[in-house]
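The listed protein sequences derive, respectively, from chains A and B. With my numbering, letter number 107 in the first sequence gets 107, and the count goes up by one each step, no holes. Position in the second sequence (from 1) plus 1000 gives the number in my numbering. The structure under discussion appears below in the form of structure tokens.
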Amino acid sequence: DVKVTQSSRYLVKRTGEKVFLECVQDMDHENMFWYRQDPGLGLRLIYFSYDVKMKEKGDIPEGYSVSREKKERFSLILESASTNQTSMYLCAIQTLYQETQYFGPGTRLLVL
Amino acid sequence: GDSVTQMEGPVTLSEEAFLTINCTYTATGYPSLFWYVQYPGEGLQLLLKATKADDKGSNKGFEATYRKETTSFHLEKGSVQVSDSAVYFCALMSGDSGNTPLVFGKGTRLSVIA
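Below you can see the structure in the form of structure tokens.
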């Protein structure tokens, strides 16, 4: 079974804090994705990566950055958290040229 | 750009009722189409998919047929169970390589009552 691990299930941070969300996979999947999920808006793509040290902006990259120093780990960074970044964050992985994405359990982030 | 439109919820059904969740899409070329399901407290998981016109995806009693003429991929199940209560997302992937991000609909919450 494909396993996607996200570092925290629940996180509470203060406005202005730097926040790291980590996603780790246990297989050799090339593609990794960060989405945020909000009621009434569905899933929106923040950033994705096709390989180590590569990154592509998704639909809503503003206020976020990412890091992929190793193939198995893809980090989402909120440089200065704001209340409008309160959301559920989902990581997904995908093997190159395969269509199915596998999702982690999500991190519910609350920014106060 | 590519987009997916699915019926808004929430949808509430009694056990053993028939389910339809409508999904239509806009895309260039011939996208692959997916239904993902999210059970409470979990991430998304693939429910079924179809990669070309007239293909039928099926899993766990759910079915959806890729209709190119109506650009639709409606999800159906003949007899829902309480355990089917979840949020359902329709999605597409365009391009030939299978190496492009998914585009999701906004999700439809289904509640099945005993």
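Even for Gly, the Cβ is constructed at its ideal location relative to N, Cα and C. Predicted model, so just to flag it, every value in this text is computed and none were measured.
Kindly indicate if chain B contains any beta-carbon less than 8 Å away from that of residue i.
i, result
"Gly42(A)", "yes"
"Phe48(A)", "yes"
"Gly63(A)", "no"
Is it buried or exposed for residue i, if we count other Cβ within 10 angstroms and need 16 for buried?
i, result
"Lys1106(B)", "buried"
"Arg36(A)", "buried"
"Lys1060(B)", "exposed"
"Gln6(A)", "buried"
"Ile1113(B)", "exposed"
"Gln98(A)", "exposed"
"Tyr47(A)", "buried"
Would the beta-carbon of residue i fall within 8 Å of that of residue j?
i, j, result
"Ser87(A)", "Ile77(A)", "no"
"Thr1100(B)", "Thr1071(B)", "no"
"Phe1089(B)", "Gln1038(B)", "yes"
"Leu1102(B)", "Leu1033(B)", "no"
"Tyr1066(B)", "Asp1054(B)", "yes"
"Thr1028(B)", "Ser1111(B)", "no"
"Ala81(A)", "Glu17(A)", "yes"
"Asp51(A)", "Glu30(A)", "yes"
Which residues bound the beta strand (DSSP E) around residue i?
i, result
"Met27(A)", "Counting along the chain, Met27(A) falls outside any beta strand (DSSP E), and DSSP gives it neither H nor E."
"Tyr1088(B)", "Ala1086 to Met1093"
"Leu120(A)", "This structure does not reach residue 120(A), given that chain A is present from 1 up to 112, and the question cannot be answered."
"Ile1113(B)", "Thr1108 to Ile1113"
I'd like to know if residue i contacts chain A, where contact means its C-beta is closer than 8 Å to some C-beta of that chain.
i, result
"Lys1056(B)", "no"
"Phe1073(B)", "no"
"Phe1062(B)", "no"
"Lys1068(B)", "no"
"Met1115(B)", "Nothing can be reported for residue 1115(B): it is not among the residues displayed for chain B, which extend from 1001 to 1114."
Figure out for me which residue from the options has the closest Cα to the Cα of residue i.
i, options, result
"Glu69(A)", "Ile60(A), Met54(A), Thr107(A) and Ser80(A)", "Met54(A)"
"Pro39(A)", "Arg1109(B), Asn1022(B) and Tyr1036(B)", "Arg1109(B)"
"Val1087(B)", "Ser1014(B), Ser1058(B), Ala1027(B) and Gly1041(B)", "Gly1041(B)"
"Ser1079(B)", "Asp1002(B), Gly1009(B), Glu1015(B) and Ser1003(B)", "Glu1015(B)"
"Leu110(A)", "Phe74(A), Gly104(A), Gln85(A) and Gln94(A)", "Gln85(A)"
"Gln1081(B)", "Leu1047(B), Gly1057(B), Leu1019(B) and Leu1075(B)", "Leu1019(B)"
"Glu63(A)", "Ser49(A), Val19(A), Val2(A) and Gln94(A)", "According to the sequence as given, residue 63(A) is Gly; it is not Glu. Measuring from the Cα of Gly63(A), the nearest candidate turns out to be Val19(A)."
"Ile60(A)", "Leu45(A), Val52(A) and Thr83(A)", "Leu45(A)"
"Leu1046(B)", "Met32(A), Ala92(A) and Glu30(A)", "Ala92(A)"
"Lys57(A)", "Phe33(A), Lys3(A), Leu43(A) and Gln25(A)", "Phe33(A)"
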